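*Asks:* Residue numbers (the working numbering): 1 to 470. From the three backbone atoms N, C-alpha and C, an ideal C-beta is built for every residue, glycine too. Only a predicted model underlies this, so the values are computations on that prediction, with no experimental measurement involved.
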Amino acid sequence: MRTVYLVISLFILPFCVTAQSVSLKLEAAVDKMMGDSQLKNGLVSIYIVNSNTGAVVYSKNATVGLAAASSQKVITAATAFELLGKNYRFKTDLGYSGEIKNGGLTGNLFVTGYGDPTLGSWRYAANKEEPIFKSWLAQLKKNNINKINGNVYLDGSAYEFQPISGGWIWDDMGNYYGAGHYGINWHENQYDLFIKSGDNVGDKTQIVRSEPELQVTNMVNQLTTAKKGSGDNAYIYLPPYSNTGFINGTIPAGEKAFKISGSFPNPSDQLQQVISSWFKQSNLLVTGKYESSFASIIKGQNIPKPAQVIYTHYSPPLDSIIYWFIKKSINLYGEALLKTLAYEKEGFGSTERGISLTYDFWKNKGIDSTSIKMFDGSGLSPQNRITTEAFVKVMQYAITRPWFPSFYNALPEYNGLKMKSGTIGGTKSFTGYAKSKAGTEYTFAIIVSNYHGSSAQVVQKMYTVLDVLK
1 MRTVYLVISL
11 FILPFCVTAQ
21 SVSLKLEAAV
31 DKMMGDSQLK
41 NGLVSIYIVN
51 SNTGAVVYSK
61 NATVGLAAAS
71 SQKVITAATA
81 FELLGKNYRF
91 KTDLGYSGEI
101 KNGGLTGNLF
111 VTGYGDPTLG
121 SWRYAANKEE
131 PIFKSWLAQL
141 KKNNINKING
151 NVYLDGSAYE
161 FQPISGGWIW
171 DDMGNYYGAG
181 HYGINWHENQ
191 YDLFIKSGDN
201 VGDKTQIVRS
211 EPELQVTNMV
221 NQLTTAKKGS
231 GDNAYIYLPP
241 YSNTGFINGT
251 IPAGEKAFKI
261 SGSFPNPSDQ
271 LQQVISSWFK
281 QSNLLVTGKY
291 ESSFASIIKG
301 QNIPKPAQVI
311 YTHYSPPLDS
321 IIYWFIKKSI
331 NLYGEALLKT
341 LAYEKEGFGS
351 TERGISLTYD
361 FWKNKGIDST
371 SIKMFDGSGL
381 SPQNRITTEA
391 FVKVMQYAIT
401 RPWFPSFYNA
411 LPEYNGLKMK
421 SGTIGGTKSF
431 TGYAKSKAGT
441 EYTFAIIVSN
451 YHGSSAQVVQ
461 KMYTVLDVLK
């Protein structure tokens, strides 16, 4: 019996020594980082477990809720994988009401959206503008509709008309990364402005063009010229449903077409113009008007509904959407996923209900409901609060699921580690997976809050801590 105990002890002892060694090294590395002048008034939260056993390797301030910015996307993604499924597809319906006779529709045509954030996106071949409209026009022709004696309605009423999540700040929402999510979305609700700067600091600038053409009546340009090489310091202020916006800040001197990107205030208006243009090119006459469900609501009316659907356009599958959502940190996708949880489970897409469903799901998986406080699906709101312990529990749960390969593949690689990053007002975060040279696998989350000075310098100090896991 003593021989058996000896063999077991000799087998286990190296692992215990290794775990203790890693824990001590992490403690020393974290203490050094916390003693840095950049974190004089800051806070470090870190939680690390052995991925295979779940044993805690190191923990500090792990139950303190902090803003984590885009790292929060892993929670939204994991919830969507579970509740929607990796093969879930958004849809957009083309339908009509009335009578088709002698090559014409006497009635109305309907484009009904169900929150697809990829409609018209440049990231997917089948979802670009031309393939979509060729499909729609082919279906109209197939149904002998060469003329519409009525209206064209764009209906996004399956989702709430509030496109912006709680707590988003004024500086964000008019820019491309602050794009709101609507029942109907187009071109990822993003446009590019090309601006000509002056030759000298302080010179005025000139808007050259927008791509796609922005359907806004007035864009006030307050941008000025800064020194060469100063970079993009321009902000677009254009809230949802507004017809007037303005640009503030600076762009570098000597630029003929400097690009900044903004978000559409009303994607239905953009799509309406594209549909109208394609119909004209195809000699398909529309005798009535184009109207969105939002315009109908303003009038105090309900938009009519189609009697028949003749074609349904589907988005790429969810695992493809989540790949871009996490890899390129597309905030719009996070808001779409959160609202779609509510739409699919309760019949109406809203942020509030999507958040509630997310809370319920993770509570049932053993994560304390006080450790996740969400105001959106992307992490853009500075009011979000997540603990590093909750992050690690979500990431550990993901390992056990059949969709994990898709999830893992979507994680970017920084400093030789697969992890999602987040950056927001004095806070930097990472959550992901590490594997040591000895083969030990770790799941981790780290948040540094209220640091001073350079973000790049803080990141390097965080890398030094995480290097202990290699």
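#1: Could you check the C-alpha separation between residue 17 and residue 57 for me, to the nearest Å?
#2: Just reading off the alpha helix (DSSP H) that residue 318 is part of, what are its end residues?
#3: In angstroms, rounded to a whole number, what distance separates the CA positions of residue 414 and residue 460?
#4: Give the secondary structure of residue 358 by DSSP, where H, G and I count as helix, E and B as strand, and everything else as coil.
#5: Is DSSP giving residue 41 helix, strand or coil here?
#6: Give the range of the alpha helix (DSSP H) segment to which residue 409 is assigned.
#7: Just mark residue 281 as buried or exposed, buried being the case when its beta carbon has 16 or more other beta carbons within 10 Å.
#8: When burial is assigned at 16 or more other CB atoms within 10 Å of the CB, is residue 125 buried or exposed?
#9: Report the start-end ranges of each beta strand (DSSP E) in the segment 247–323 that is 3 residues or longer and not cut off at the edges.
#10: Look at the alpha carbon of residue 382 and the alpha carbon of residue 77, and state the distance between them as a whole number of angstroms.
#11: Out of 232, 217, 215, state which residue places its alpha-carbon closest to the alpha-carbon of residue 223.
#12: Assuming residue 241 contacts residue 265 under a Cβ cut-off of 8 Å, what Cβ separation, rounded to an integer in Å, is found between them?
#13: Report yes or no: do the segment 271–280 and the segment 242–259 share at least 3 C-beta pairs separated by less than 8 Å?
#14: From the DSSP output, in three-state form, read off residue 101 for me.
#15: Output the distance between the C-alpha atoms of residue 216 and residue 442, rounded to the nearest integer angstrom.
#16: Comparing C-alpha positions only, which one of 181, 412, 262 sits nearest to residue 219?
#17: Determine contact between the segment 32–52 and the segment 445–452, defined as no fewer than three beta-carbon pairs at a distance below 8 Å.
#18: Kindly identify the DSSP beta-bridge partner or partners of residue 385.
#19: Excluding the 5 residues preceding and the 5 following residue 526 in the sequence, name in chain order all residues of the same chain whose CB lies nearer than 7 Å to its CB.
#20: Taking only the alpha-carbon atoms, compute the straight-line gap between residue 469 and residue 333 and give it to the nearest angstrom.
#21: Quick check: what's the CA-CA separation for residue 353 versus residue 239?
#22: Using the rule of at least 16 other Cβ atoms within 10 Å of the residue's Cβ for burial, across every protein chain shown, is residue 355 buried or exposed?
#23: Determine, using beta carbons only, whether residue 73 and residue 325 come nearer to each other than 8 Å.
#24: How many Å lie between residue 67 and residue 385 at the Cα?
#25: For residue 378, does the three-state DSSP call read helix, strand or coil?
#26: Out of 40, 436, 83, 425, point me to the one whose CA is closest to residue 341's CA.
#27: Who are the Cβ neighbours of residue 29 in its own chain at under 7 Å, not counting the five residues just before and after it?
#28: Should residue 190 be labelled buried (16 or more other beta-carbon atoms within 10 Å of its own) or exposed?
#29: Would you mind sorting residue 378 into buried or exposed? The rule is 16 or more other CB atoms within 10 Å of its CB.
*Replies:* This is what the structure holds:
#1: Caution is warranted here: a pLDDT of 49 is assigned to residue 17, below 50, making its placement in the model unreliable, and the coordinate value is therefore given only provisionally. Taking the CA atoms as reference points, residue 17 sits about 12 Å from residue 57.
#2: 318–327
#3: C-alpha separation (whole angstroms): 11 Å.
#4: helix
#5: coil
#6: Per DSSP, the continuous alpha helix (DSSP H) segment holding residue 409 begins and ends at 404–410.
#7: exposed
#8: Exposed.
#9: 258–263, 290–292, 308–314
#10: Residue 382 and residue 77 have their C-alpha atoms some 19 Å from each other.
#11: 232
#12: The distance from the Cβ of residue 241 to that of residue 265 is about 6 Å, consistent with a contact at the 8 Å cut-off.
#13: no
#14: strand
#15: The straight-line gap from Cα to Cα measures roughly 50 Å.
#16: The shortest Cα separation from residue 219 among 181, 412, 262 belongs to 262.
#17: Cβ pair count under 8 Å is three or more, so yes.
#18: 373
#19: Nothing in the structure corresponds to residue 526, since the chain is present only between 1 and 470.
#20: 32 Å
#21: 23 Å
#22: Burial call: buried.
#23: yes
#24: Those two C-alpha atoms are separated by around 5 Å.
#25: coil
#26: 83
#27: 464, 465, 468
#28: buried
#29: buried
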